[in-house]
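Chains as they are written, first to last, in my numbering: chain A, 166 to 529; chain B, 166 to 529; chain C, 166 to 529; chain D, 166 to 529.
There are 4 protein chains.
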Amino acid sequence: MKKSAAKTFGILTSGGDCPGLNAAIRGVAKAAFGIYGMKIMGINNGYKGLIEGDVKILNPEDVSGILTKGGTILGTSREKPFKVSKGDDASTSSIKVDAIKDTYKRFGLDCIVVLGGNGTHNTAALLKNEGINVIGLPKTIDNDLYGTDITFGFHSAVDIATEAIDRLHSTAHSHNRVMVVEVMGHNAGWLALYAGVAGGGDVIVIPEIPYDIDSITRHLKKRAKGGKPFSIVVVAEGAISVEEAKMSKKEIKQKRASDNSPTAGYRIAKEIETSTGMDVRVSVLGYQQRGGAPSPYDRVIATQFGTAAAELLHLGDYGKMVAKENNSIIARPLEEIAGKLKLVPSDHTLIRDARFVGTCFGNE
Amino acid sequence: MKKSAAKTFGILTSGGDCPGLNAAIRGVAKAAFGIYGMKIMGINNGYKGLIEGDVKILNPEDVSGILTKGGTILGTSREKPFKVSKGDDASTSSIKVDAIKDTYKRFGLDCIVVLGGNGTHNTAALLKNEGINVIGLPKTIDNDLYGTDITFGFHSAVDIATEAIDRLHSTAHSHNRVMVVEVMGHNAGWLALYAGVAGGGDVIVIPEIPYDIDSITRHLKKRAKGGKPFSIVVVAEGAISVEEAKMSKKEIKQKRASDNSPTAGYRIAKEIETSTGMDVRVSVLGYQQRGGAPSPYDRVIATQFGTAAAELLHLGDYGKMVAKENNSIIARPLEEIAGKLKLVPSDHTLIRDARFVGTCFGNE
Amino acid sequence: MKKSAAKTFGILTSGGDCPGLNAAIRGVAKAAFGIYGMKIMGINNGYKGLIEGDVKILNPEDVSGILTKGGTILGTSREKPFKVSKGDDASTSSIKVDAIKDTYKRFGLDCIVVLGGNGTHNTAALLKNEGINVIGLPKTIDNDLYGTDITFGFHSAVDIATEAIDRLHSTAHSHNRVMVVEVMGHNAGWLALYAGVAGGGDVIVIPEIPYDIDSITRHLKKRAKGGKPFSIVVVAEGAISVEEAKMSKKEIKQKRASDNSPTAGYRIAKEIETSTGMDVRVSVLGYQQRGGAPSPYDRVIATQFGTAAAELLHLGDYGKMVAKENNSIIARPLEEIAGKLKLVPSDHTLIRDARFVGTCFGNE
Amino acid sequence: MKKSAAKTFGILTSGGDCPGLNAAIRGVAKAAFGIYGMKIMGINNGYKGLIEGDVKILNPEDVSGILTKGGTILGTSREKPFKVSKGDDASTSSIKVDAIKDTYKRFGLDCIVVLGGNGTHNTAALLKNEGINVIGLPKTIDNDLYGTDITFGFHSAVDIATEAIDRLHSTAHSHNRVMVVEVMGHNAGWLALYAGVAGGGDVIVIPEIPYDIDSITRHLKKRAKGGKPFSIVVVAEGAISVEEAKMSKKEIKQKRASDNSPTAGYRIAKEIETSTGMDVRVSVLGYQQRGGAPSPYDRVIATQFGTAAAELLHLGDYGKMVAKENNSIIARPLEEIAGKLKLVPSDHTLIRDARFVGTCFGNE
């Protein structure tokens, strides 16, 4: 890939909504316009717009005043052009990829900047293989993107979840209840871990540590005996029991279908109630964790990622994802990242620290 | 009932958690201590503590610094001493009432101040009939307490729900989705109405106005046609369809059991999805609407209700609930209130105002 | 004035920034567009734009998504066309008024909707005398507008000020300090009173109650003696001492110039420090009280005022200000309002309630 | 220093109030009680209490529920036992140090854990020289503590300042004004830099980069010419002009005394107004930046610092400050830290990033 500065580039946001998308778009665009004099094409609705050629010129006024705004001015979708779904003709994907190449050529793009999470970067790596210049920016509230210490959106979600946990504390205390709070995180427990520690969770259940319900109920009973018959249990939606961890995906599905609990939070709540007779209530935080204005932390990091992307564009240094490593902003080849997940290591320092202040992870 | 100033009184909080309980306790207590020199007995866990004689002396330092705190320093329960549940012996209730009278006498109480909602005040009216002096303070996030313009807790809940709706807007917009937000309110739609208007809800469904799903989908399709394929639908948990409104409670229960939607929000979401093919997501706000620090509005009104109760105690003017009427704090006999609900009148000005800015209530 | 429905009207925002202006503009416009099919001209920068003919057509998309936004999409100014400033030629005003009439005629306006506070409504009443149709909407964070129970903007400012007071509490407590918080309010103490009660202020000083510094220091010393050597003193910027209350404006100005305190908060802090030797710090909240997103309460009331204005336009019922009276939205003739201020009555129930929980107003 | 586990230790908080102090105390104490079974003595009001022997036993219930609380349950002071102030007898200090040694011995302390900023750690290093075991935890909203990437309190202050800047934006925009926001930071500009970037500041002035007023006004005029006659100028309280940077401290003091501006924000506002004729307003954020509940980020990091301190106590690894370096929690010898400040390097990546999105630092 030759290293020549981009003159015109496209930009798109892909995957779930996430605080900081607009801040990052603004970061890329302000630097690209103001410092490098580039031309920017906004691609609507993620890879869908790239396939359909749904593209518009972005002007400086389009990115003015969007730093603090939730959502994305470009729209987003979950379109994965390389994925062949069940029942689809195998040619569907190659038709889409051809369409992408056509859009890329037709609008004279030198590169596409993609803002997204794991799926988005997997696609980006595949597009790179197809000879398309791509630069990735890591966004996701789950913080499970491999190759970067942090993604923008994560700390905003931690703030929202922690505020909710703070509110539930007073109710747990007033009613002598166990409140189960379910936060997002199918594969990775970063959000549950951070919000759980920040919110003073008494139990934190993350997908990386299969839980033993006896461990949890033992902890809750011990607290009750010690004069605290109220507790907060923070559960990631991908929580899994030690029994389930030994099963196949199909077996898990069957088991869960039969127990009639819509989600992990309800499942664990029922197990606690059955085992302890305590009064338990569930709160599922849901989509509010993904929306709204980014936190100051995320505005800063999104701005940094954005301006770093502009510099890569200027250097013609394509095929990379911008990342944070320690205190530096760096860039990593997409192929190092694609197909990997950043999970919470079971010996992560924050798990140990949380245990030190009395938190149970369901495996003690 | 003779009108003599209370020297010693008990205070309890009953029913669901609600922001402002501590602010109201502080209001009563600071005035009772500082202005009138009364003695206060804190009764733990609502009417349960009154039955069990679970009572402690409250001192000035106990109510210092609690103005802003969520929950209740006294604890709460849903105990209803006059209620005879299925299977209970009919004498259960009279045993409880006798126990209450015993506690009342044993601790030398001249009156009991009860903070609660409808159930709490129904009980208070029955205790009054039993010759016990009671003063009620109206709390509930539902604002459905008859006899007062406003209850403390309501505006805090509106703030929390509105903030959540604000967040969901960005996601609805970014994904061109319909976001259904379910807020509390089994009988009354005040919370859905106020948070819906404050959050710019495109559709608001309240229990008082049975919804016609065609009316809702017509509205959403019209918005989509006009370039807004995203919408916010605010649903009170007690929402009911026009078909259901014609059924018996039993028939409704059977119908709902068969459709496999856990709550009203999910039910309406499925109906919208089926009828329009739009992308719909649900967020159930849940218990966070009840917890946490009271809003400034609620701290003020709870303080006012509290000090008004202290004055009634001083006047020996028992058997009443403190209330807000227009811009005044007044007191109403408990028998005027008991057994009634304050629902949203279908011609309420805010419904008309909301229609004026384009909101659909499902019956247009 | 004949009663015929407006077909085309202008709208402007005037005076200081205030949360809820955009919500109110949206309320007027959505109803005017959607219900009545009117044409709307947006007048830029308050009366300045009316004089200069700085007018643009408002379209439905201009008012979409602005419910939650701070500031005003129309811009504002403090222009008072009828005021003849010192040194100005007396004809300046009549030239301006003629220019307003010209704009009014040129753009075919049937009415002008003005959103503002006291100054704005004084001007509106004078324009009415000149034969121009005007409808006023009451906005101000000070809540000092005569003829309405509440203005939009007020409760947002109370929320902001209370949150600041909450923060200062922890510092007062940790350092055993007196923290003086200065909030806005030159003439009226509503904001200081409400935020003071909501924030648990130990002393509240408002313009309507001249303060005796001895009363304040007595209260602070008593608290210190009782084990609370920390206190919060909430001061409205228009606070005045009993000595100053007897002076002419000129004498006050001279006195204050010599004592080198920039504002009321600093003045009172110095007096406390001198008299008690306590550690005192000052925080002036300033412009943040006027800006940012409106609170849910203000969004609702601004929407209600806005749709009420649209209805008056439809009825051709001009020359009035929309207002809240008890629980109703009403309209009052501008001449009833002009030139008057709504101050805090010294026997206001909230002052009494605040005293009941231990607050000192500097005159006890 | 022999390495033996502490059995009893003291803990104190010193210097200005800062969000996260209670979270850190809780972190140390929960681990010390629950994991190591140590005995903890709470020392009141910082080094003052250490001198005076104002010490109490801390029990587990004392640190329960304080994670989210602002301030410090131990109280704080600015006492510096080694400092000999003007006019003090030189022996004052040695008397104080002897008193500290006495307290240390009398209460059987094996170590003192001190939570504070630069001054606190300078004192800690001197106590270490006197043979007292000390462990330091880095707190300060200024983030200027040498030897750690981050201090707790900093991100809470960034959140508060950013929220205020967000509010001021709407007013700047509505009035076409320049709003100058003064944030804390006498020596270091970290807070101004982060809040400035997060808040979209158009100009950021930090102590580390002396400002040329012409550079600032050039930038503001250019914005106005480009259609943005509104701007946000974020000023650290320690801002200094290029002229002042060449003067002695005494000369600076004289110069400033004559220009009658109480603080840096007012000084720069006046310079802008004089030079451009623009409408400028100032907001000084003040003490609210120091108070209130810690942000989730700060609760996490404070908990981590706290538990790390407990582990050092257990290891008998004294004389160090806990610190964050990259993604690890480490400990550094106090003598490496004492007497140093962590300032913003002029080539810091965030300064470059901010310039990329159009921010002026007053030296371009």
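Even glycine gets a Cβ: it sits at the ideal position worked out from N, Cα and C.
This structure is a prediction, so every number in the text was calculated from the model and none was measured.
Below 7 Å on C-beta distance, what does residue i contact in chain C?
i, result
"residue 320(B)", "462"
"residue 427(D)", "427"
"residue 237(B)", "Within 7 Å Cβ-Cβ: nothing; residue 237(B) doesn't reach chain C, min ~18 Å."
Which residues in the same chain have their Cβ closer than 7 Å to the Cβ of residue i, if we skip the five residues on either side of it in sequence?
i, result
"residue 504(A)", "287"
"residue 284(A)", "180 and 245"
"residue 325(C)", "453 and 454"
Could you pull out every residue in the same chain whose Cβ sits closer than 6 Å to the Cβ of residue i, ignoring the five residues on either side in sequence?
i, result
"residue 489(B)", "313, 314 and 315"
"residue 308(A)", "316, 319 and 355"
"residue 487(B)", "302, 470, 473, 474 and 496"
"residue 291(A)", "247"
"residue 359(B)", "323"
What residues of chain A sit near residue i, judged by a beta carbon separation below 8 Å?
i, result
"residue 164(D)", "Because chain D is modelled from 166 through 529, residue 164(D) falls outside the range shown and cannot be assessed."
Taking a contact to mean a Cβ-Cβ separation below 8 Å, would you say residue i touches residue j in this structure?
i, j, result
"residue 362(B)", "residue 515(B)", "yes"
"residue 180(D)", "residue 271(D)", "no"
"residue 441(D)", "residue 382(D)", "yes"
"residue 241(C)", "residue 178(C)", "yes"
"residue 302(C)", "residue 170(C)", "no"
"residue 206(B)", "residue 478(B)", "no"
"residue 332(B)", "residue 282(A)", "no"
"residue 228(B)", "residue 266(B)", "no"
"residue 461(D)", "residue 327(A)", "yes"
"residue 107(C)", "residue 345(D)", "In this structure chain C extends from 166 to 529, so residue 107(C) is not present and cannot be described."
"residue 388(A)", "residue 396(A)", "yes"
"residue 446(C)", "residue 342(C)", "yes"
Specify the secondary structure class of residue i as computed by DSSP and reduced to three states.
i, result
"residue 225(D)", "helix"
"residue 362(C)", "helix"
"residue 166(B)", "No answer about residue 166(B) holds up, because its pLDDT of 46 lies below 50 and its placement is not dependable."
"residue 483(B)", "coil"
"residue 510(D)", "coil"
"residue 464(A)", "helix"
"residue 488(B)", "strand"
"residue 207(C)", "strand"
"residue 272(B)", "coil"
Since residue i meets chain B, which of its residues come closer than 7 Å, beta carbon to beta carbon?
i, result
"residue 232(C)", "365"
"residue 212(C)", "Those do not exist, as residue 212(C) stays about 27 Å from chain B at its closest Cβ, beyond 7 Å."
Checking contacts by CB at 8 Å: is residue i closer than that to chain E?
i, result
"residue 494(B)", "Going by chain labels, chain E is absent from the structure shown, which instead holds the protein chains A, B, C and D."
By the criterion of Cβ-Cβ separation under 7 Å, what are the contact partners of residue i in chain A?
i, result
"residue 200(D)", "521"
"residue 329(B)", "453"
Please return the same chain residues whose Cβ sits closer than 8 Å to the Cβ of residue i, not counting the five positions on each side in sequence.
i, result
"residue 185(D)", "304, 317, 318, 321, 459, 463, 464, 466 and 467"
"residue 231(C)", "187, 188, 190, 191 and 238"
"residue 528(A)", "374, 375, 376, 377, 380 and 407"
Starting from the beta carbon of residue i, find every residue of chain D whose beta carbon is closer than 9 Å, and list them in chain order.
i, result
"residue 349(C)", "What residue 349(C) touches in chain D: nothing, since even the nearest Cβ is about 12 Å away."
Chain B partners of residue i, CB-CB under 8 Å?
i, result
"residue 449(A)", "449 and 451"
List the residues of chain D that residue i touches, going by C-beta distances under 8 Å, in chain order.
i, result
"residue 195(A)", "521, 522 and 523"
Next on the checklist: Going residue by residue through the segment 278-330 of chain C, where are the continuous beta strand (DSSP E) segments of at least 3 residues, counting only ones entirely within it?
Outcome noted: 299-303
Checklist entry - Which runs of the alpha helix (DSSP H) spanning at least 4 residues fall entirely within the segment 421-452 of chain C, listed in chain order? => result With a minimum length of 4 residues, the unbroken runs of alpha helix (DSSP H) contained wholly in the segment 421-452 of chain C fall at 429-441.
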